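From first to last, the protein sequence lines are chains F and V. Sequential numbering of the first sequence, starting at 42, is according to this note's numbering. Sequential numbering of the second sequence, starting at 170, is according to this note's numbering. Beta carbons: idealized from backbone N, C-alpha and C, even for Gly. These numbers were taken from a predicted model, which means no experiment stands behind them.
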Amino acid sequence: SQQGEEDPQALSIQEGENATMNCSYKTSINNLQWYRQNSGRGLVHLILIRSNEREKHSGRLRVTLDTSKKSSSLLITASRAADTASYFCASSNDYKLSFGAGTTVTVRA
Amino acid sequence: KAGVTQTPRYLIKTRGQQVTLSCSPISGHRSVSWYQQTPGQGLQFLFEYFSETQRNKGNFPGRFSGRQFSNSRSEMNVSTLELGDSALYLCASSLGQDRNTQYFGPGTRLTVL
């Protein structure tokens, strides 16, 4: 079973809109990482936020981390059709990643 | 730098057989981790190796084993295959510290008939 939950499970948006997904985890973490997966392929690393950071930006991505609530959010701004994928958060601790169930994002043209 | 490579990419086996999957990490990376992805259980951690030593292990039966070689390449083996072992097996490499990013390979799709 997975260590965390992601919300929502699925998201459908229009191109140009923003997409926000949330993630919760259960234990203490070293850092939290977000990944993208296209159609059952390998995971592509998007962004890493350390446990002592609260917010981080990378291009059109914005990640927040609230360690008191054991939660994180990923915002993708100005979405494109190429952003259609599944997004996973993964909490890192003790040399392993514990993944959430993922959010499937569909960007409509 | 070349990314993480996994071989083979696809594999079909029958119940009771065994299988060996291979993973070559990014050059300079000394840690290799393995994950299993299934529709029902999602992404689950199998084990992690650093400098040929297993540092952490997930909750999988002893039929799942792994090893790492001196050049950091890793193999995982599954013996006595069961239908439920059908999955995408992903390996990831990192520099080896707990705070490092893990970079994933394309995966090996194993189908057990």
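When DSSP reads this structure, I90 of chain F sits in a beta bridge with F:L73.
Looking at the backbone, the Cα of T277 of chain V and that of L250 of chain V are separated by about 15 Å. Taking C-alpha positions only, S120 of chain F is separated from G231 of chain V by approximately 44 Å. Against chain V, the CB of Q74 of chain F has a partner CB under 8 Å away; the residue lies at that interface. Out of V:I195, V:S263, V:V281, V:S220, the CA that lies nearest to the CA of V247 of chain V is found in V:V281. With fewer than 16 other CB atoms across the displayed protein chains lying within 10 angstroms of its CB, P208 of chain V is exposed. For D254 of chain V, the three-state secondary structure derived from DSSP is helix. Boundaries of the beta strand (DSSP E) harbouring Q175 of chain V: 174 to 176, taken from the DSSP string. Contact between E244 of chain V and K137 of chain F does not hold, since their C-beta atoms are separated by about 19 Å, which reaches or exceeds 8 Å. Fully contained in the region 205 to 276 of chain V are the following beta strand (DSSP E) runs of length 3 or more, in chain order: 211 to 219, 222 to 226, 233 to 237, 243 to 247, 256 to 263. Excluding sequence positions up to five before and after Q237 of chain V, its CB lies within less than 7 Å of the CB of V201, Y218, E221, S243, all in the same chain and listed in chain order.
Within the same chain, Cβ atoms closer than 7 Å to the Cβ of L212 of chain V are found at Y204, Q206, the five residues on either side in sequence being excluded. Within chain F, G83 have C-beta atoms less than 7 Å from the C-beta of G274 of chain V, given in sequence order.
The continuous stretches of beta strand (DSSP E) do not include K67 of chain F, and DSSP gives it neither H nor E.
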